Amino acid sequence: IIPGISSVLAAPLSAGIALTDKLLSRHFCVVSCHQPASLDWSAFCGIDTLVLLMATRQLGVIVELLQEESGRDPSTPILIIKSAGTKDECIWEGTLETIMEIT
Numbered sequence: 002i003i004p005g006i007s008s009v010l011a012a013p014l015s016a017g018i019a020l021t022d023k024l025l026s027r028h029f030c031v032v033s034c035h036q037p038a039s040l041d042w043s044a045f046c047g048i049d050t051l052v053l054l055m056a057t058r059q060l061g062v063i064v065e066l067l068q069e070e071s072g073r074d075p076s077t078p079i080l081i082i083k084s085a086g087t088k089d090e091c092i093w094e095g096t097l098e099t100i101m102e103i104t
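Residue 2 is where the sequence shown starts when you use this note's numbering, and the numbers rise one by one after that.
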């Protein structure tokens with residue numbers, strides 16, 4: 002943990018994920034997912050990379066909304082970082098189709 006560096010940037014970077022890449026991620030969006038049902042998931046259709054904060058408790062709902070309302074394919078890659086930068090850090094990698102089984 003580095004004071005002054007937001008977990009929005011630090012967590013993906015610690016897992017080797019660059020949020021901006023001219024080929025893979027032309028743009029990214031940061032969303033708090035405390036209440037995923039209150040979000041307009043269709044607004045994320047054209048966003049290459051989503052950073053979803055506080056998403057693990059509602060992961061099943063979020064995966065469903067990403068596919069049904071945001072139009073994401075089940076084969077869309079997903080990476081989950083829990084407790085980033087701490088001794089309890091966990092990283093899971095999969096797809097929207099497999100992530101619930103992995104976590």
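Even glycine gets a Cβ: it sits at the ideal position worked out from N, Cα and C.
All values derive from a computational prediction rather than experimental measurement.
- Distance between Trp93 and Thr57, taken at the CA atoms: about 11 Å.
- If you draw a straight line from the Cα of Gly61 to the Cα of Gly5, it comes to about 32 Å.
- As DSSP reads the structure, Asp22 sits in a beta bridge with Ser26.
- Only buried fits Cys34, as 16 or more other CB atoms lie within 10 angstroms of its CB.
- Contact annotation: Leu97 and Pro75 have beta-carbon atoms nearer than 8 Å.
- Where Pro13 is concerned, the enclosing alpha helix (DSSP H) starts and stops at 8–15.
- Nearest to Leu25 by alpha-carbon distance, out of Gly47, Lys88, Val32, Glu90, is Gly47.
- A distance below 8 Å separates the beta carbons of Val31 and Val9.
- Residue burial is scored here from C-beta neighbours: Ile82 has at least 16 other C-beta atoms within 10 angstroms and is therefore classed as buried.
- In the DSSP assignment, Glu65 falls within the alpha helix (DSSP H) that extends over 60–69.
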